[in-house]
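Chains as they are written, first to last, in the numbering used here: chain A, 596 to 1089; chain B, 193 to 805; chain C, 14 to 133; chain D, 51 to 293. No residue lacks a Cβ here, since even glycine has one placed at the ideal position from N, Cα and C. Quick caveat: nothing in here was measured; it's all calculated off a predicted structure. Below is one structure, written out as structure tokens; the observations come after it.
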């Protein structure tokens, strides 16, 4: 019963059928997607924990062996990310199940788009075919446009239009790169391209690499391609912003890593990634500090975290990748918690300004606590999970002899502390001046946030819960020959 | 399970217990806090096995907990001062709100300090350091005033210090492949010069920042005075000593394994400058809390000087002063807190003449002030003696002068503190002030008794310091219970000193009492004759206004260059820069698309350089 | 001749693509920007088909007329890919137009310079 | 000025891209590509004459599933973006702002419409034999509807019917794919489990023809739905942006 195909097939099937379910019985619209998310989470964990070491599950589509047919690869690396995505997607569903009951009567479309966005991200991660990756990336992107523009009253259409404009450029570049790759190698399978890419003229290969870099960089929130991010994050519904941070950005960075670690062998890209990552961190965090709106601040902080992840992956060492994965895990879990909490904190304020939050610690104790916990964790204070990510990140940086980068990351971390603690100060240590209608978090939102908080504390106290899996995933990512051998048993890397 | 782990768990458990206790009701919470104040030190003194070590591996990093004698010395400070402060807090915080958060943070900062002192590797050191930092941050902004300014400033500077350490730690890990403190010290000699400097200076910066050494002290005055006084005694008394602790082992171990004496000398100079300037600043404070805060910085300056010189005697003096400073600064902050709670303010131009209302508090403060000023027969004298001697031995005469200047000037603020709050005329608005509750006075009195004993028997502290110094590489430190000797053959028997001064004191007291008792009557500051001027009730006529005006005029050119101003200007400049930077996000989608194309073109044009084909 | 064909055909397709991008970057009208995206897509699709061409090839269909004659066939893969790309392009254009409608309703303008409530 | 900058930027891009594309001359065959396999297998194993169709529906059928999803997504997103809450006061009164077309156009449209739909159906039914297929056929059908929509102000498509068609067609695609997991020889998603038939027969290619018919329906319904959403304003008057 566990086949990676279900990750894609079941959400699509449900998405197609959801309008019909709605005609039968209205509440099914909310419940059925939840069952789907639970199901995908279940099969991802089932597959992941039953994975034989060093032996990814590979499924072929339509019965054609890989170079000819499309294949899905559920290995230790992709499996880890898929498990993370499905887990968080389920929590996002739990949270949004009856989020904003009033004004949320269009929930059929909301859940359809959310489900397809998750399915698309899973597809990006699992697929072994470069064009198929593009298709899934587009599924993710288009559903994100729809989700961004979901609320009417805000400037959400503006945000979505910017997102779409930049996203279209991204897809243009990726398609160009795929076309050039196909022209050079005559195949679209990533494993086969990996073999053949060594023979490509380096000049053309570098152009392909640049096109991929810019294309995926847009999805991965790289500076200066990330103009859409703050707008989209701040205008989308709260749970959607959470899933952008935890799911959309993750699939973008995954595509970037997969292409440059496995498919193309271009050494120079890593220095470029380092530079871009550092610029991303600097601009994002410094901009975040001057924000007056909570969600925009969180969005810039999210960009900064993505920059940190890029820097970690740019070392091209096992320690770096391990740290990068740890940071990805942290960013996914903690940013989700922060966005979910902010959804209720800014629920009733129109401007969503930080200064509207004075004294919320008293009137919304649980949500404020969750936000505070998330803030402590994201800036890397022990004993929360963010600390271990940062520690591994910095040791990896030191191992690569990049002392200046360490200094820069730490200076930026101070900036991060400033703006997060400003919010905490307002939440807890300011008196409220005027009355405000608050929305108590619903029970399901409390459940979702508590689970995330438990994960943060649990991993913070005992990081070895996850380090084994991260290490395995790291090894798999570096085992390029193994990947090719498993996908294409008849061929091998010379 | 190991007793060390249990100790940590007990403290954490009590923290949670106090928090939840207080969220149920106040009594339950207070019982939990009281139990914590009794049981934690009890466990530490009776059950903790100091020879034990616990090793474990987390996330691929080997970690180890275990006491050494040097850590034990500082633990002693923590384990004596913090329970007393906790008990004091029970009285001090009786009517406050959100006491659950207060005690939770309080106990977590104790946990942090305890953990730091038993860490044998950098990771657990850093973890506990950060726990200590954020828990104390929560207390700094606890009262909700100056959240943005003081709170953020404290957090930023703490983070800078912690991250300097963090950077040193990862560089050490890169060079030794290990996180153990000992591995670092042993391998230090083999490092390249750059690495030696980098790690040494970064670590020192981190620790020095916590002990408020001059250019990076700006967080301290605000943080100390902004915190509820019940915690400030621990903040200034114990928490700042964590910096001293770290400086001690880093400096010593670096000296032992490499010739980095000049780094220590710089540190000592910084300490001396800190002492002088902070003392001058303290003199002109009108708020008793601020005064004590600056005085703390100054005292930490002496200690840092002692550590920085790095000879056996200077370190001995530094550590002794550290212990004493914890005791007398603990008392003084508690006393200031008591005054604040009973009289409603610690502004010395308003609060006067509390001696009759709060005699116990006055007595405790008097003892502490004497110890602070370094006047025989109390303990402070012993510390100063040893510090001067070590400096003279080392040939640092200029430093002697500076320290001497600072400790003389310390009389001025000591007197101002005593006079401002307790002596002087009684004001009618303080008619109904009462002595603080026993929960608050008893801890103060206990600490002052300790201070009096150390005056004649400093040996009871020397014993632990000598033990602790074995871990710094000084194996046979000579000490006697109550006799001080110096390299020139002089010796002082402290008991004789105490006795003779005691006799003079008693005689003088009797004389004063006999002479002045009958004729004394109390007048308000407004009860004066003036030539034609009418004194309005709102006029401030206390003597403490412009107490040291002439000095202030003299010292103004030095003190007007507030270092804070430069930091603030720097911060504003950075803020403006950030504001400029964020204009990149113009809000126009087309501009973003333009960026994308520009980025693409840049990469294409430089593709040859990037990919090197 | 071969070189001329190569340059002119790829050049034309690329020119079309960049013309679209030019519209995206220069035109102020939202509708024109969407058209620009569409044109850029079309250029890209042309490129796809051009890459798939093989000299003297016929359409890759085994109709009875060509079956077994051994004629060269053009590469079917880019043709299949371009089909997918066209559909995706269509989807994006549709969403973009819907967003333009929304923006026009709110701002009463289609000038992209006037639509920047979200900035910094 | 901006003009010059942008043109020069695009010029540089063009230079690099062109230099990458011309490395292999136009019309030159490359070796070892996957296409030879497709060209061999399509007539031999699948018995599908149109190799593009066999790639689209079978070899890379997973892409097509994604493609269908993109269309579905576009129509859902469109609905969500242009959705307005129905207020209880105003009755549902669909109307179009476009002016009435001339009688000539109306009459012509009426004549052409059935043939367009028929052509579309022909194209997607014969997708595996002749150029064309589900997407093309569906697009043709939608063109017919577009013609009607712009000719008649009072011509409205029943969204309920479209929903059913979309749902059933999409579902049948996935279900056929899932059936491959059970019934096909290698138990793969989207694998053919029906007899392949004879090359160039209408009933050849196993599931390929069926999937393309489903795709045709779905594409036709979806594009029609999208056009209708964009053309029709559901409520009388424009309500201001809420909230």
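Close CB contacts of residue 231 of chain B within its chain, under the 6 Å cut and outside five residues either way in sequence, are absent. If you check each beta-carbon in the segment 747 to 764 of chain A against every beta-carbon of chain B, the ones closer than 7 Å belong to 756, 757, 760, 761 and 764.
For residue 789 of chain B, the closest Cβ of chain D is nearer than 9 Å. DSSP lists B/677 as the bridge partner or partners of residue 683 of chain B.
The three-state secondary structure of residue 253 of chain B, taken from DSSP, is strand. About 15 Å separates the Cβ atoms of residue 571 of chain B and residue 498 of chain B, ruling out a contact at the 8 Å cut-off. Here residue 623 of chain B is exposed: its Cβ has fewer than 16 other Cβ atoms, across all protein chains shown, within 10 Å. In the DSSP annotation of this structure, residue 383 of chain B is not part of any beta strand (DSSP E), being labelled neither H nor E.
Cα atoms of residue 188 of chain D and residue 760 of chain A: separation of roughly 27 Å, rounded to the nearest angstrom.
Chain-order list of chain D residues neighbouring residue 792 of chain B: 63, by C-beta distance under 8 Å. For the 9 Å CB-CB criterion, residue 625 of chain A and residue 685 of chain A do not form a contact. Boundaries for residue 252 of chain D: no alpha helix (DSSP H) harbours it, and the DSSP string shows neither H nor E there.
Shown here, residue 617 of chain B sits in coil according to DSSP, grouped into three states, outside any helix or strand. Residue environment for residue 193 of chain B: exposed (fewer than 16 other C-beta atoms within 10 angstroms of its C-beta). Boundaries of the alpha helix (DSSP H) harbouring residue 15 of chain C: 15 to 39, taken from the DSSP string. Against chain D, the CB of residue 19 of chain C has a partner CB under 9 Å away; the residue lies at that interface. Taking the Cα of residue 74 of chain D as reference, the smallest distance to any Cα among C/59, C/73 and C/63 is reached at C/63. Contact annotation, residue 829 of chain A with residue 890 of chain A: C-beta distance approximately 4 Å; criterion of less than 8 Å satisfied.
Under the 10 Å beta carbon count, residue 983 of chain A is surrounded by 16 or more other beta carbons and is classified as buried. Residue 186 of chain D: member of the alpha helix (DSSP H) spanning 184 to 201, first to last residue. With respect to chain A, the C-beta atom of residue 217 of chain D has a partner C-beta closer than 9 Å. By the Cβ criterion, the segment 784 to 799 of chain A is not in contact with the segment 732 to 739 of chain A, since fewer than three pairs of Cβ atoms, one from each stretch, lie closer than 8 Å. Rounded to whole angstroms, the separation of the alpha carbons of residue 201 of chain D and residue 152 of chain D is 8 Å. Using a Cβ-Cβ cut-off of 9 Å, residue 994 of chain A is close to 362, 365 and 366 of chain B, given in chain order. Per the coordinates, the alpha-carbon of residue 712 of chain A lies some 16 Å from the alpha-carbon of residue 113 of chain D. Taking CB atoms only, residue 50 of chain C has a neighbour in chain A less than 9 Å away. Pairing residue 209 of chain D with residue 104 of chain D gives a Cβ-Cβ distance that is not under 9 Å. Note on residue 239 of chain B: under 16 other CB atoms within 10 angstroms of its CB, so exposed under the neighbour-count rule.
In the three-state DSSP reduction, residue 74 of chain C falls in the strand class (E or B).
Secondary structure at residue 130 of chain C: coil, using DSSP grouped into helix, strand and coil. With respect to residue 323 of chain B, residue 301 of chain B sits close: the two C-beta atoms are nearer than 9 Å. Setting aside the 5 residues that flank it on each side, residue 851 of chain A is surrounded in the same chain by 811 and 815, each with a C-beta closer than 6 Å to its C-beta; the list follows chain order. Interface annotation, residue 701 of chain B: not in contact with chain A, CB-CB separation never under 9 Å. Contact annotation: residue 236 of chain D and residue 658 of chain A have beta-carbon atoms nearer than 9 Å. Residues of the segment 649 to 680 of chain A with a C-beta atom less than 8 Å from some C-beta of chain D are 654, 655, 656, 657, 658, 659, 662, 663, 664 and 665, listed in chain order. For the segment 202 to 213 of chain D, the set of residues with a beta-carbon nearer than 9 Å to any beta-carbon of chain A comprises 210 and 213, in chain order.
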